[in-house]
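**Q** Going letter by letter, the sequence shown gives residues 4 to 242 in the working numbering.
Glycine residues also receive a C-beta, built at the ideal position from the N, C-alpha and C atoms.
Let me begin by handing over the structure; questions about it come next.
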Amino acid sequence: MNQSKKAVKRPDGRKVDEIRKVSCKAGVVKNADGSAEFIIGNTTAIAAVYGPRELYPKFKQDPSRALLRCKYNLMSFSVSDRKRPAPSRRDIELGLVIKNALSQLIFLEKYPKLAIDVFIEISQADAGTRCAGICAASLALADAGIQMRELAGSIAAGALGDLVVLDLTKEEEDYPEGATDLPITYLPKQGLITSLQLDGDISFAGFKKALKMGINKCKELVKLQEEALKINYLKGDKK
Ligand code: UDP
4 MNQSKKAVKR
14 PDGRKVDEIR
24 KVSCKAGVVK
34 NADGSAEFII
44 GNTTAIAAVY
54 GPRELYPKFK
64 QDPSRALLRC
74 KYNLMSFSVS
84 DRKRPAPSRR
94 DIELGLVIKN
104 ALSQLIFLEK
114 YPKLAIDVFI
124 EISQADAGTR
134 CAGICAASLA
144 LADAGIQMRE
154 LAGSIAAGAL
164 GDLVVLDLTK
174 EEEDYPEGAT
184 DLPITYLPKQ
194 GLITSLQLDG
204 DISFAGFKKA
214 LKMGINKCKE
224 LVKLQEEALK
234 INYLKGDKK
């Protein structure tokens with residue numbers, strides 16, 4: 004892959020490794036044990052965490068660890084073509100992807116028999132919703148005071164034709180010459196990639212480049228979450 008050719012320009016003029024404007028905030032749902040909002044461009048994810056709490060029916064309890072449950076929901080009005088409100092196969096699959104991406108974050112063994120529930124609502128979607136949801140959930144889990152190894156960063160890398168880029172918009176995902184989506188979740192302290200998906204084609208050199216760019220950006224996203232946690236803590240309105 005030869006980046007010097009640069010056949011493609013990004014529609015919004017961003018540099019290849021430039022992500023959209025990000026803002027994140029902890030403590031946005033007062034009834035939850037922990038919560039957060041993560042906005043990246045025109046994508047908005049809200050995460051609410053309940054637990055650790057009693058798990059019923061009892062036969063689902065695991066005496067060695069907590070059960071982590073994640074629900075992802077793309078709201079009906081979040082996209083221009085109204086999405087049916089019932090959970091779609093995509094919603095269910097993304098709940099599972101997000102749960103797997105987050106499992107390594109939490110000391111689940113500290114909470115035997117209990118449940119930790121993570122609800123992710125996407126109120127506005129312009130691609131990158133699973134990654135925004137994971138960042139929001141990571142921050143919300145920390146806001147809930149759940150014992151965690153660290154925070155998780157998540158971003159979609161990818162390619163527009165031969166051009167390796169970060170954080171594709173929906174317009175970019177629909178690029179007529181073919182776009183590649185490579186969402187990554189990374190835990191910087193453990194050096195662990197906990198989710199990696201690939202939709203589209205990419206050369207091995209392009210894949211390595213996308214992975215490197217994505218990992219570097221995940222580290223920055225974790226720092227932003229740390230800042231948001233500090234701000235919420237200093238506000239002092241945590242229960
Ligand atoms: N999308 C949509 N309707 C749907 C599902 C997705 O319009 O029922 C749009 C939405 O903007 C979403 C994008 O397609 O962000 C890309 O979806 P994808 O499944 O690739 O996941 P994401 O990039 O959001 O993690």
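Given a cut-off of 8 angstroms, decide if A104 and S157 are closer than it, judged by their beta-carbon atoms.
**A** yes
**Q** Since Q228 and L108 should fall inside the 8 angstroms C-beta cutoff, what is the C-beta to C-beta distance between them, to a whole number of angstroms?
**A** With a Cβ gap of about 12 angstroms, Q228 and L108 do not count as contacting.
**Q** Residues in the same chain with beta-carbon distance under 8 angstroms from L237, minus the five sequence neighbours each way, listed in chain order, please.
**A** Closer than 8 angstroms at the Cβ level, and outside the excluded window around L237, lies no residue.
**Q** Beta-carbon within less than 7 angstroms of Y243's beta-carbon, same chain only, minus the 5 sequence neighbours each way: which residues are those?
**A** One cannot answer for residue 243 here, as it falls past the ends of the chain, which runs 4 to 242.
**Q** For S26, which option in I95, K215, V100 and N45 has the closest C-alpha, if you only look at C-alpha atoms?
**A** N45
**Q** Any heavy atom of the ligand UDP within a distance shorter than 7 angstroms of the CB on G131?
**A** yes
**Q** Give a yes or no on whether 8 angstroms exceeds the smallest Cβ distance from V31 to chain D.
**A** The chain labelled as chain D is not found in the depicted structure, where only one protein chain is given.
**Q** Where L71 and K33 are concerned, what is the direct C-alpha to C-alpha distance, given to the nearest angstrom?
**A** 21 angstroms
**Q** Check each candidate in L58, R23, R13 and A51 and name the one with the smallest Cα separation from A145.
**A** Check the Cα spacing between A145 and each of L58, R23, R13 and A51: the tightest is with A51.
**Q** I need the straight-line Cα distance from A118 to L99, nearest angstrom please.
**A** 15 angstroms
**Q** Assuming D65 contacts K116 under a Cβ cut-off of 8 angstroms, what Cβ separation, rounded to an integer in Å, is found between them?
**A** 7 angstroms
**Q** From the DSSP output, read off the bridge partner residues of T183.
**A** A162
**Q** In whole angstroms, what is the alpha-carbon distance linking S67 and I137?
**A** 25 angstroms
**Q** Kindly give me the distance between the Cβ atoms of Y189 and I218, rounded to whole angstroms, as I take these residues to be in contact under 8 angstroms.
**A** 5 angstroms
**Q** Name, in chain order, the residues that DSSP records as bridge partners for S157.
**A** T188
**Q** Mapping the DSSP letters down to three states, classify I149 as helix, strand or coil.
**A** coil
**Q** So, using beta-carbon positions, are A128 and I101 closer together than 8 angstroms?
**A** Contact flag unset, no.
**Q** Assuming Q127 is part of the alpha helix (DSSP H), what are its boundary residues?
**A** Q127 -> not in any alpha helix (DSSP H); beta strand (DSSP E) instead, spanning L117 to Q127.
**Q** Specify, as a first and last residue, the run of the alpha helix (DSSP H) that A89 falls within.
**A** Note, A89: premise wrong, no alpha helix (DSSP H); not H, not E.
**Q** Using the Cβ count rule (16 or more neighbours within 10 Å means buried), how would you classify I330?
**A** Residue 330 falls outside the range modelled here, since the chain spans only 4 to 242, and no answer is possible.
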